[in-house]
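Okay, so the sequence shown: first residue is 5 according to this note's numbering, each after it adds one. Ideal Cβ positions, reconstructed from N, Cα and C, are used throughout, including at glycine. What you are looking at is a predicted structure, and each value in this text was computed from that prediction instead of being measured. Some notes on the structure that comes next.
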Amino acid sequence: MSIDTTEPAVEEISDEATEAFVGRIFEAALGSMDLLAIGIGDRLGLYAALAHDGPLTSTELAGRTGVAERYAREWLEQQAVTGIVTVDSGDPADERRYRLPAHVVPALLDPTSPAYVAPIAGFIPPLAQVFDRLLEVYRTGEGISWSDYPTGIVEAQAAFNRPAFTHELDGWLAAVPGFDQQARRPGARIVDAACGAGWSTQALGRRYPEAVVHGFDIDDTSIALARRNLAGTEVAARVSFEVCDLTEPADEPYDAALMVEALHDLSHPVQVLDACRRSLVPGGVLLVVDERAAEEFTAPGDMVERLFYGSSVLVCLPGSLADGGVGTGAAIRPATVRRYAEEAGFASCEIADIEHPLFRFYVLTTAG
Numbered sequence: 005m006s007i008d009t010t011e012p013a014v015e016e017i018s019d020e021a022t023e024a025f026v027g028r029i030f031e032a033a034l035g036s037m038d039l040l041a042i043g044i045g046d047r048l049g050l051y052a053a054l055a056h057d058g059p060l061t062s063t064e065l066a067g068r069t070g071v072a073e074r075y076a077r078e079w080l081e082q083q084a085v086t087g088i089v090t091v092d093s094g095d096p097a098d099e100r101r102y103r104l105p106a107h108v109v110p111a112l113l114d115p116t117s118p119a120y121v122a123p124i125a126g127f128i129p130p131l132a133q134v135f136d137r138l139l140e141v142y143r144t145g146e147g148i149s150w151s152d153y154p155t156g157i158v159e160a161q162a163a164f165n166r167p168a169f170t171h172e173l174d175g176w177l178a179a180v181p182g183f184d185q186q187a188r189r190p191g192a193r194i195v196d197a198a199c200g201a202g203w204s205t206q207a208l209g210r211r212y213p214e215a216v217v218h219g220f221d222i223d224d225t226s227i228a229l230a231r232r233n234l235a236g237t238e239v240a241a242r243v244s245f246e247v248c249d250l251t252e253p254a255d256e257p258y259d260a261a262l263m264v265e266a267l268h269d270l271s272h273p274v275q276v277l278d279a280c281r282r283s284l285v286p287g288g289v290l291l292v293v294d295e296r297a298a299e300e301f302t303a304p305g306d307m308v309e310r311l312f313y314g315s316s317v318l319v320c321l322p323g324s325l326a327d328g329g330v331g332t333g334a335a336i337r338p339a340t341v342r343r344y345a346e347e348a349g350f351a352s353c354e355i356a357d358i359e360h361p362l363f364r365f366y367v368l369t370t371a372g
């Protein structure tokens with residue numbers, strides 16, 4: 005018997021590689037601080053005041069928003085240094101006038117614009133609140149239910165998705181003939197399963213004016229927010245929201261069902277899909293819109309894959325492990341969705357030919 009005395013290879017450490025990594029983390033820290041400063045400007049109405057009344061000095065901004073002048077000045081200077089606002093920098097500090105550039109306005113102030121990214125800043129404070137709980141469940145293997153996350157997570161997620169549901173959902177549905185045909189039946193009944201804040205439910209109501217649309221979710225906070233968003237809209241008479249157990253089928257059948265960016269968050273996805281199937285009429289269609297994760301694990305990944313995994317380690321995986329869940333997580337791949345659909349008893353699961361940078365579209369049909 006021979007003994008291998010070869011020493012294991014030692015990875016050579018490159019000073020340049022270490023410096024590059026340190027630089028990357030430093031840039032991430034700057035980005036985190038930018039996001040929190042954006043959150044301050046968003047929540048306190050500082051951007052809105054600059055957009056509506058600018059250019060403004062720090063004293064003028066403080067007077068219009070009710071913040072202390074010294075804080076207004078420091079925030080404005082930070083925003084100018086980081087390149088979000090512009091400034092007439094030749095003036096004395098208390099006379100400098102700051103402007104919000106026109107190209108920034110839709111990104112920070114228009115909640116229906118496809119460019120709207122202000123909600124991203126809203127994720128950080130609530131995640132900080134739950135950080136110690138995350139450490140705990142990482143050790144125990146348990147999960148964190150959506151109801152145990154701070155309300156800010158629900159609000160930020162809803163605001164981030166709203167532009168897509170407002171501008172794009174109509175086109176998605178039109179590209180799925182089976183769903184569209186079912187939903188246009190006279191007196192059609194449509195269910196939006198795991199509806200969240202209800203923006204997708206409202207979009208269903210607008211596209212199908214002859215249909216009754218019900219939005220269901222297990223989360224009280226989401227349904228309360230959905231009802232507030234619905235109040236006074238043109239579809240309020242035909243759209244309703246209810247807190248319910250998604251693993252139980254509906255009392256009356258539906259012609260079509262929608263589930264947007266929720267399957268990967270569910271503790272018991274197969275049971276929920278089974279309940280959806282049993283709630284549909286024969287030949288009914290469930291459109292599942294979920295993350296466009298790579299078909300196979302690849303590292304390092306692109307920015308989209310980093311987004312999914314970043315969301316998953318902080319929110320999606322803990323949520324999908326709650327209540328003894330299966331732990332799908334945000335990196336949900338086509339093979340997983342197909343397996344869930346088959347186990348839930350659907351006759352078919354096809355991927356619709358719809359291009360989107362973040363979402364993939366699964367058409368699940370019941371037996372006719």
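Going by beta-carbon coordinates alone, are residue 186 and residue 289 separated by less than 8 Å? The residue you call residue 186 lines up with position 182 of the sequence shown. The residue you call residue 289 lines up with position 285 of the sequence shown. For residue 186 and residue 289, yes; Cβs fall inside 8 Å.
Do the stretch 255-265 and the stretch 175-190 make contact, defined as three or more Cβ pairs closer than 8 Å? yes
Please report the residue range of the alpha helix (DSSP H) in which residue 110 lies. Start at 1 with the first residue of the sequence shown, and residue 110 comes out as number 106. That run of the alpha helix (DSSP H) goes 109-113.
Counting only the same chain and skipping the five closest in sequence on each side, list residues whose C-beta sits under 6 Å from that of residue 192. Locating residue 192 in the sequence shown gives position 188, counting from the first residue. 215, 259.
Count the CB pairs spanning the stretch 228-243 and the stretch 278-296 that are closer than 8 Å, and state whether there are at least three. no
Using a threshold of 8 Å, state whether the C-beta atoms of residue 80 and residue 104 are closer than that. What you label residue 80 is simply residue 76 of the sequence shown in a count that begins at 1. What you label residue 104 is simply residue 100 of the sequence shown in a count that begins at 1. Not a contact, by the Cβ cut-off of 8 Å.
Note down, one range per segment and in chain order, each beta strand (DSSP E) of at least 3 residues found wholly within the stretch 118-161. none
Ignore the nearest five residues each way along the sequence and tell me which others in residue 88's own chain have a CB closer than 7 Å to its CB. Taking the first residue of the sequence shown as 1, we reach residue 88 at position 84. Excluding positions up to five away in sequence, the list reads 108.
What first and last residue would you give for the alpha helix (DSSP H) that runs through residue 246? Along the sequence shown, one-based indexing puts residue 246 at 242. No alpha helix (DSSP H) holds residue 246; the beta strand (DSSP E) holding it covers 243-247.
Measure from the alpha carbon of residue 146 to the alpha carbon of each residue in 265, 326, 313, then state which is nearest. One-based indexing of the sequence shown puts residue 146 at position 142. It is 326 whose Cα lies nearest to the Cα of residue 146.
So what does DSSP say about residue 201, is it helix, strand or coil? Within the sequence shown, numbered from 1, the residue matching residue 201 stands at position 197. DSSP places residue 201 in coil when its eight states are reduced to three.
Residue 352 bridges to which residues according to DSSP? Translated into positions along the sequence shown, residue 352 becomes position 348. Paired residue(s): 369.
Return the CA-CA distance between residue 58 and residue 149, expressed in angstroms with no decimal places. For the purposes of this step, residue 58 is taken as residue 54 along the sequence shown, with counting starting at 1. For the purposes of this step, residue 149 is taken as residue 145 along the sequence shown, with counting starting at 1. Annotation: residue 58 to residue 149 spans about 43 Å, alpha carbon to alpha carbon.
Check this for me: beta carbons of residue 120 and residue 129, under 8 Å apart or not? The count along the sequence shown starts at 1 and reaches residue 120 at position 116. The count along the sequence shown starts at 1 and reaches residue 129 at position 125. In this structure, residue 120 keeps its C-beta atom at 8 Å or more from the C-beta atom of residue 129.
Since residue 218 is in the beta strand (DSSP E), which residue starts that stretch and which ends it? By one-based count along the sequence shown, residue 218 stands at place 214. Looking at the DSSP string, the run of the beta strand (DSSP E) that includes residue 218 is 216-221.
Residues bridged to residue 363 (per DSSP): The residue labelled residue 363 in the question sits at position 359 within the sequence shown. For residue 363, which the question treats as bridged, DSSP gives the partners 295.
8 Å Cβ cutoff met for residue 360 and residue 296: Translated into the one-based positions of the sequence shown, residue 360 becomes position 356. Translated into the one-based positions of the sequence shown, residue 296 becomes position 292. Yes; because the gap between Cβ atoms is below 8 Å, this pair is in contact.
Candidates 320, 333, 340, 116, of which the one nearest residue 164 by Cα: For the purposes of this step, residue 164 is taken as residue 160 along the sequence shown, with counting starting at 1. With distances taken between Cα atoms, residue 164 lies closest to 116.
Three-state secondary structure (DSSP) at residue 261? The sequence position of residue 261 within the sequence shown is 257, counting from 1. Note: residue 261 maps to strand in three-state DSSP.
Indicate the three-state DSSP secondary structure (helix, strand or coil) for residue 88 in the structure shown. In the sequence shown, counting from the first residue as 1, residue 88 sits at position 84. Residue state, collapsed to three classes: coil.
Out of 234, 366, 232, which one is the CA nearest neighbour of residue 294? Sequence index remark: in the sequence shown, residue 294 carries index 290 (1-based). The candidate whose alpha carbon is nearest that of residue 294 is 366.
Could you give the C-beta distance for residue 196 and residue 219, rounded to a whole number, given that I count them as a contact under 8 Å? Taking the sequence shown and counting its residues from 1, one reaches residue 196 at position 192. Taking the sequence shown and counting its residues from 1, one reaches residue 219 at position 215. Right, their Cβ atoms sit about 4 Å apart.
Ignore the nearest five residues each way along the sequence and tell me which others in residue 137's own chain have a CB closer than 7 Å to its CB. Here residue 137 corresponds to residue number 133 of the sequence shown, with the count starting at 1. If we look at residue 137 and ignore the five residues flanking it on each side, its Cβ neighbours are 148.
Which residues bound the alpha helix (DSSP H) around residue 378? Residue 378 lies beyond the range of the chain shown here (5 to 372); nothing can be said about it.
To the nearest angstrom, report how far apart residue 112 and residue 312 are at their CA atoms. In the sequence shown, counting from the first residue as 1, residue 112 sits at position 108. In the sequence shown, counting from the first residue as 1, residue 312 sits at position 308. In a straight line, the C-alpha of residue 112 is about 23 Å away from that of residue 312.
For residue 221, count neighbouring C-beta atoms within 10 Å of its own C-beta (all shown protein chains included) and say buried if the count is 16 or more, exposed if not. Counting from 1 along the sequence shown, the entry for residue 221 is found at position 217. Looking at its Cβ environment, which holds 16 or more other Cβ atoms inside 10 Å, residue 221 is buried.
Helix, strand or coil: which one does DSSP assign to residue 189? Locating residue 189 in the sequence shown gives position 185, counting from the first residue. When secondary structure is reduced to three states using DSSP, residue 189 falls in the coil class, being assigned neither helix nor strand.
Taking residue 339 as the reference, which of 369, 370, 301 has the closest Cα? Residue mapping note: residue 339 aligns to position 335 of the sequence shown, counting from 1. Ranking 369, 370, 301 by CA distance to the CA of residue 339 puts 301 first.
List the endpoints of the continuous alpha helix (DSSP H) containing residue 346. By one-based count along the sequence shown, residue 346 stands at place 342. Note, residue 346: alpha helix (DSSP H), 338-347.
If you scan the stretch 51-99 from start to end, which runs of the alpha helix (DSSP H) of 4 or more residues do you find wholly inside it? 62-69, 73-85
Kindly indicate which three-state DSSP category residue 101 falls into: helix, strand or coil? Walking along the sequence shown from the start, residue 101 turns up at place 97. DSSP places residue 101 in coil when its eight states are reduced to three.
Which listed residue (284, 268, 100) has its alpha carbon closest to that of residue 252: For the purposes of this step, residue 252 is identified with residue 248 of the sequence shown, where counting begins at 1. Considering only alpha carbons, the answer is 284.
Could you spell out where the alpha helix (DSSP H) holding residue 234 opens and where it closes? As a working mapping, residue 234 is identified with position 230 in the sequence shown. From DSSP, the alpha helix (DSSP H) with residue 234 extends over 224-234.
Let me confirm a value: residue 322 is counted as buried when at least 16 other C-beta atoms fall within 10 Å, else exposed. Which label applies? As a working note, residue 322 is residue 318 in the sequence shown. Residue 322 should be labelled buried.
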